[in-house]
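**Q** Positions in the sequence shown are counted from 1; adding 154 to them yields the numbering used here. Think of the CB as a built atom: it goes at the ideal place given N, C-alpha and C, for glycine as much as any other residue. One structure, pasted below without further comment.
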Amino acid sequence: MARVKIIRENWNLKYSACFILCPIRGPYPEIPHAVSVVSKIRAAPGNVLMLRNTDNDPDFTNRTFSNIPNSIGVCVKPLHFNYDQALYLLEFLELNNLLGVSHFTFYNHTIGPKASCVLQHYVNGDLPQHITAYGDDGPAVRIANGTSSDVTVAESNAVHIKPTKYNEDNTAQLKPKISVNILPWNLRMRSQKEIRTEGLFASLNDCLYRSMYRYSHVALIDLDEFIIPHHNDTLIDLITWLSKRINNRNTGAYSFQNAFFYLQFADDVRMYEGHGALANLRSALTTQRKTRRRSKLHPQKQRSKYICKPEAVIEAGNHFVWEFCPGRGSLNVPADAAILHHYRVCEFGGDDCIKTPSLVDRTAHRYSKRLLDRVGTVYSYLKETCNLPDIPKAPTKPPPTRKKELKVRVPIRPSSEKKPTEAVNIQSNVANLATQEAATTTVAQAQAAVEAILKTH
Numbered sequence: 155m156a157r158v159k160i161i162r163e164n165w166n167l168k169y170s171a172c173f174i175l176c177p178i179r180g181p182y183p184e185i186p187h188a189v190s191v192v193s194k195i196r197a198a199p200g201n202v203l204m205l206r207n208t209d210n211d212p213d214f215t216n217r218t219f220s221n222i223p224n225s226i227g228v229c230v231k232p233l234h235f236n237y238d239q240a241l242y243l244l245e246f247l248e249l250n251n252l253l254g255v256s257h258f259t260f261y262n263h264t265i266g267p268k269a270s271c272v273l274q275h276y277v278n279g280d281l282p283q284h285i286t287a288y289g290d291d292g293p294a295v296r297i298a299n300g301t302s303s304d305v306t307v308a309e310s311n312a313v314h315i316k317p318t319k320y321n322e323d324n325t326a327q328l329k330p331k332i333s334v335n336i337l338p339w340n341l342r343m344r345s346q347k348e349i350r351t352e353g354l355f356a357s358l359n360d361c362l363y364r365s366m367y368r369y370s371h372v373a374l375i376d377l378d379e380f381i382i383p384h385h386n387d388t389l390i391d392l393i394t395w396l397s398k399r400i401n402n403r404n405t406g407a408y409s410f411q412n413a414f415f416y417l418q419f420a421d422d423v424r425m426y427e428g429h430g431a432l433a434n435l436r437s438a439l440t441t442q443r444k445t446r447r448r449s450k451l452h453p454q455k456q457r458s459k460y461i462c463k464p465e466a467v468i469e470a471g472n473h474f475v476w477e478f479c480p481g482r483g484s485l486n487v488p489a490d491a492a493i494l495h496h497y498r499v500c501e502f503g504g505d506d507c508i509k510t511p512s513l514v515d516r517t518a519h520r521y522s523k524r525l526l527d528r529v530g531t532v533y534s535y536l537k538e539t540c541n542l543p544d545i546p547k548a549p550t551k552p553p554p555t556r557k558k559e560l561k562v563r564v565p566i567r568p569s570s571e572k573k574p575t576e577a578v579n580i581q582s583n584v585a586n587l588a589t590q591e592a593a594t595t596t597v598a599q600a601q602a603a604v605e606a607i608l609k610t611h
């Protein structure tokens with residue numbers, strides 16, 4: 155008899171994600187190949203669900219609890235509304251790869267043609283093998299032409315080198331491998347009315363269990379979120395750094411406070427520096443363009459996101475882990491070590507959010523050079539194949555705003571009109587003196603009368 159366990163986050167809607175727990179009994183239980191979910195014990199099976207048995211997976215050969223690869227995977231909630239922001243998707247993949255992520259799991263509810271093409275190239279591994287410097291003001295790049303002579307691109311007057319299938323043998327930096335998995339996600343129910351956000355809680359927990367024992371850590375984040383460390387280059391380095399300062403033996407997840415980088419905030423002033431292809435790409439990347447964030451961070455468990463050890467988690471939530479294995483818990487990462495960069499519009503509509511106290515945070519700019527080269531290389535490689543548009547030109551610096559000053563123009567009177575005024579002023583002064591003398595005389599007379607009365611008595 156199976157047991158149904160409802161996942162906690164259901165927002166009181168008609169449908170909810172749940173676990174169906176099927177115990178396997180017997181001293182020597184056989185692992186089934188498939189299972190069927192029925193409402194009654196004797197009901198005829200109306201579905202056949204194939205079982206994913208990791209015992210037959212070559213990735214798990216000789217795998218134990220102690221030798222799980224020290225790597226990070228990312229789980230992303232279902233892509234919907236025909237998501238088709240190809241450039242932003244490239245930024246998400248390549249920046250997270252710079253942060254140490256090696257695998258991404260996506261769920262395809264509805265994806266646009268350009269984003270789908272980009273993801274499929276990552277799935278197939280059809281990407282440039284090397285990274286070349288992007289733009290016309292980048293560092294020098296050497297391109298091997300198959301002979302003993304090399305062509306050097308000068309820093310001051312470089313040309314944009316498009317890495318294609320025909321020049322992958324250059325001597326530039328070897329591009330790290332990124333593995334991507336896209337799973338179909340077609341729910342026959344209305345999102346936000348019958349189930350929460352395309353059933354994201356089912357997808358997050360599905361991804362959690364798929365990643366278990368494959369990766370030492372898994373980050374559950376959205377496409378507009380990046381966990382950025384302050385003292386380390388990668389997230390693996392951050393976790394190692396934390397383990398030397400905090401006892402994390404019982405840690406099952408690392409939670410990071412949320413910082414809103416509202417898209418309505420003004421662009422970074424550095425976006426107006428430079429020109430050409432490199433400046434255009436820099437201004438097109440959200441993490442490089444938006445550096446002003448809300449000063450106050452959200453408290454833990456409110457908008458926060460986390461990196462967890464999959465084998466330590468029983469039920470994953472969107473902003474925190476709902477249930478750990480016995481003896482495990484969550485570690486709140488100090489804000490000075492790392493925070494969650496969240497790039498989005500004002501959460502309650504309108505533009506009032508930009509009135510909140512804010513500050514400039516350029517931590518993500520530490521990855522600028524490597525990120526621009528990677529995104530530029532892949533974008534140029536896929537531009538024709540995926541029918542990607544040209545990168546828009548960088549915005550020009552707006553003119554400085556002039557302070558409005560209220561100026562009152564006093565008309566200048568002719569000299570002939572000034573004399574009567576002076577005469578009037580003299581007469582008024584004489585009248586004032588006469589009034590003061592009369593007042594003094596009156597006071598003196600009053601004092602003399604008082605003295606005379608006192609003498610008679």
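How big is the Cα-Cα spacing for Lys347 and Asn262?
**A** As a first step, residue 347 is located in the sequence shown; it is residue number 193 there, counting from the start. As a first step, residue 262 is located in the sequence shown; it is residue number 108 there, counting from the start. Distance between the alpha carbons of Lys347 and Asn262: 20 angstroms.
**Q** Taking the CB atoms as reference points, tell me whether Asn359 and Ile185 lie closer together than 9 angstroms.
**A** Indexing the sequence shown from 1 puts residue 359 at position 205. Indexing the sequence shown from 1 puts residue 185 at position 31. No, they are not a contact pair.
**Q** Grab the span of the alpha helix (DSSP H) containing Asn383 for me, first residue to last.
**A** In the sequence shown, counting from the first residue as 1, residue 383 sits at position 229. Sequence check: residue 383 is Pro here, not Asn. Here Pro383 belongs to no alpha helix (DSSP H); instead the beta strand (DSSP E) covers 379-383.
**Q** DSSP state of Gly353, grouped into three classes?
**A** As a first step, residue 353 is located in the sequence shown; it is residue number 199 there, counting from the start. Looking at Gly353 - three-state DSSP - the assignment turns out to be helix.
**Q** Can you grab the Cα-Cα spacing for the pair Asn472 / His452, in whole Å?
**A** Taking the first residue of the sequence shown as position 1, residue 472 is located at position 318. Taking the first residue of the sequence shown as position 1, residue 452 is located at position 298. Cα to Cα, the separation comes out at about 15 angstroms.
**Q** If you run the structure through DSSP and keep just helix, strand and coil, what is Leu203?
**A** Translated into positions along the sequence shown, residue 203 becomes position 49. Strand.
**Q** Under three-state DSSP, which class holds Phe173?
**A** Against the sequence shown, residue 173 aligns to sequence position 19. Three-state result, Phe173: strand.
**Q** Under the three-state reduction of DSSP, which class applies to Val423: helix, strand or coil?
**A** The count along the sequence shown starts at 1 and reaches residue 423 at position 269. Helix.
**Q** Does Glu469 come out as helix, strand or coil in the three-state DSSP assignment?
**A** For the purposes of this step, residue 469 is identified with residue 315 of the sequence shown, where counting begins at 1. Reduced to three states, the DSSP call for Glu469 is strand.
**Q** Would DSSP call Thr510 helix, strand or coil?
**A** Within the sequence shown, the letter at position 356 stands for residue 510. If DSSP states are grouped into helix, strand and coil, Thr510 belongs with coil.
**Q** Check the DSSP bridge columns for Ser345 and list the partner residues they point to.
**A** As a first step, residue 345 is located in the sequence shown; it is residue number 191 there, counting from the start. Bridge partners of Ser345: Ile349.
**Q** Does the distance from the C-beta atom of Glu469 to that of Phe173 stay below 9 angstroms?
**A** Taking the first residue of the sequence shown as position 1, residue 469 is located at position 315. Taking the first residue of the sequence shown as position 1, residue 173 is located at position 19. For Glu469 and Phe173, yes; Cβs fall inside 9 angstroms.
**Q** Beta-carbon within less than 6 angstroms of Met425's beta-carbon, same chain only, minus the 5 sequence neighbours each way: which residues are those?
**A** If you number the sequence shown from 1, residue 425 lands on position 271. The answer, listed in chain order, is Ser437, Arg443.
**Q** Smallest Cα separation from His519: which of Thr441, Lys194, Tyr533?
**A** Within the sequence shown, residue 519 is the residue found at index 365, counting from 1. Measuring from the Cα of His519, the nearest candidate turns out to be Thr441.
**Q** Considering Trp476, what are the terminal residues of the beta strand (DSSP E) in which it resides?
**A** Working through the sequence shown from its first residue, we reach residue 476 at position 322. Taken as a continuous stretch (DSSP letters only), the beta strand (DSSP E) holding Trp476 covers 475-478.
**Q** Among the candidates Arg196, Phe258, Gly289, His234, whose CA atom is the shortest distance from the CA of Gln274?
**A** Within the sequence shown, residue 274 is the residue found at index 120, counting from 1. Gln274 has its Cα closest to that of Phe258, out of Arg196, Phe258, Gly289, His234.
**Q** Which one of Asn224, Met155, Asn164 has the shortest CA to CA distance from Leu175?
**A** On the sequence shown, position 21 is the one that residue 175 refers to. Nearest option by C-alpha distance: Met155.
**Q** For Tyr276, which three-state DSSP category applies?
**A** Counted from its first residue, the sequence shown places residue 276 at position 122. Helix at Tyr276.
**Q** Report the partner residues of Gln327 according to the DSSP bridge assignment.
**A** The residue given as residue 327 occupies position 173 in the sequence shown. Answer is Ile285.
**Q** To the nearest angstrom, report how far apart Ile640 and Ser220 are at their CA atoms.
**A** Outside the shown range of the chain (155 to 611) lies residue 640, about which nothing can therefore be said.
**Q** Here's the rule I'm using: 16 or more other beta-carbon atoms within 10 Å means buried, otherwise exposed. How should Arg448 be labelled?
**A** The residue labelled residue 448 in the question sits at position 294 within the sequence shown. It counts as buried.
**Q** Please list the terminal residues of the continuous beta strand (DSSP E) segment that includes Asn335.
**A** Against the sequence shown, residue 335 aligns to sequence position 181. Residues 333-338.
**Q** Comparing C-alpha positions only, which one of Thr550, Lys551, Pro553, Tyr533 sits nearest to Asp544?
**A** Taking the first residue of the sequence shown as 1, we reach residue 544 at position 390. Comparing Cα-Cα distances from Asp544 to each of Thr550, Lys551, Pro553, Tyr533, the minimum goes to Tyr533.
**Q** Helix, strand or coil: how does DSSP classify Lys319 here?
**A** Residue numbering aside, residue 319 sits at position 165 when the sequence shown is read from its first letter. Legend: pLDDT at Lys319 = 36, less than 50; position of this residue unreliable, value from coordinates given subsequently. If DSSP states are grouped into helix, strand and coil, Lys319 belongs with coil.
**Q** Can you round the beta-carbon distance between Leu377 and Ile226 to whole angstroms, since I take them to be within the 8 angstroms contact cut?
**A** For the purposes of this step, residue 377 is identified with residue 223 of the sequence shown, where counting begins at 1. For the purposes of this step, residue 226 is identified with residue 72 of the sequence shown, where counting begins at 1. That belief does not hold up - the Cβ atoms of Leu377 and Ile226 are roughly 17 angstroms apart, past 8 angstroms.
**Q** Whose C-alpha, out of Val475, Ser357, Val487, Lys168, is nearest the C-alpha of Leu337?
**A** Taking the first residue of the sequence shown as 1, we reach residue 337 at position 183. When only C-alpha atoms are compared, the closest one is Ser357.
**Q** Since Lys547 sits in a beta bridge, which residues does DSSP pair it with?
**A** For the purposes of this step, residue 547 is taken as residue 393 along the sequence shown, with counting starting at 1. DSSP output for Lys547 lists no bridge partner at all.
**Q** What is the C-beta distance between Cys361 and Gly406, in whole angstroms, given that I count them as a contact (C-beta under 8 angstroms)?
**A** Here residue 361 is taken as the residue at index 207 of the sequence shown, counted from 1. Here residue 406 is taken as the residue at index 252 of the sequence shown, counted from 1. Between Gly406 and Cys361 the Cβ distance is about 16 angstroms, and since that is not below 8 angstroms, they are no contact.
**Q** Suppose contacts are defined by Cβ-Cβ distances below 9 angstroms. Is Trp339 in contact with Pro232 by that definition?
**A** The residue you call residue 339 lines up with position 185 of the sequence shown. The residue you call residue 232 lines up with position 78 of the sequence shown. Closer than 9 angstroms, so yes.
**Q** Pop quiz: Val228 and Ile375 are said to be a contact at Cβ under 8 angstroms. What is the actual Cβ separation, rounded to whole angstroms?
**A** Taking the first residue of the sequence shown as 1, we reach residue 228 at position 74. Taking the first residue of the sequence shown as 1, we reach residue 375 at position 221. Val228 to Ile375, Cβ: 6 angstroms. Contact.
**Q** What's the call for His495, buried or exposed, on a 16-neighbour Cβ count within 10 Å?
**A** To locate residue 495, count along the sequence shown from 1; it is residue 341. Answer is buried; the Cβ neighbour count reaches 16.
**Q** Measure how close the beta-carbons of Tyr460 and Ser484 come, nearest whole angstrom, since I'm counting them as under 8 angstroms.
**A** Mapped onto the sequence shown, residue 460 falls at position 306. Mapped onto the sequence shown, residue 484 falls at position 330. That belief holds up - the Cβ atoms of Tyr460 and Ser484 are roughly 7 angstroms apart, short of 8 angstroms.
**Q** Taking its Cβ as the centre, do 16 or more other Cβ atoms sit within 10 Å of Phe502, making it buried, or is it exposed?
**A** Along the sequence shown, read from residue 1 onward, the residue named residue 502 stands at position 348. When all chains shown are included, Phe502 counts as exposed.
**Q** Looking only at its chain, what residues have a beta carbon closer than 7 angstroms to the beta carbon of Asn201, apart from the 5 residues adjacent to it on each side?
**A** Looking up residue 201 in the sequence shown gives position 47. Excluding sequence neighbours, Asn201 sits near Ser190, Val191.
**Q** Looking only at DSSP bridge pairs, what is Ser484 linked to?
**A** In the sequence shown, residue 484 corresponds to position 330, counting from 1. Ala407, per the DSSP bridge assignment.
**Q** Of all the beta strand (DSSP E) runs that stay within the bounds of the segment 188-248, which reach a length of 3 or more residues?
**A** Counting only runs of 3 or more, we get 226-229.
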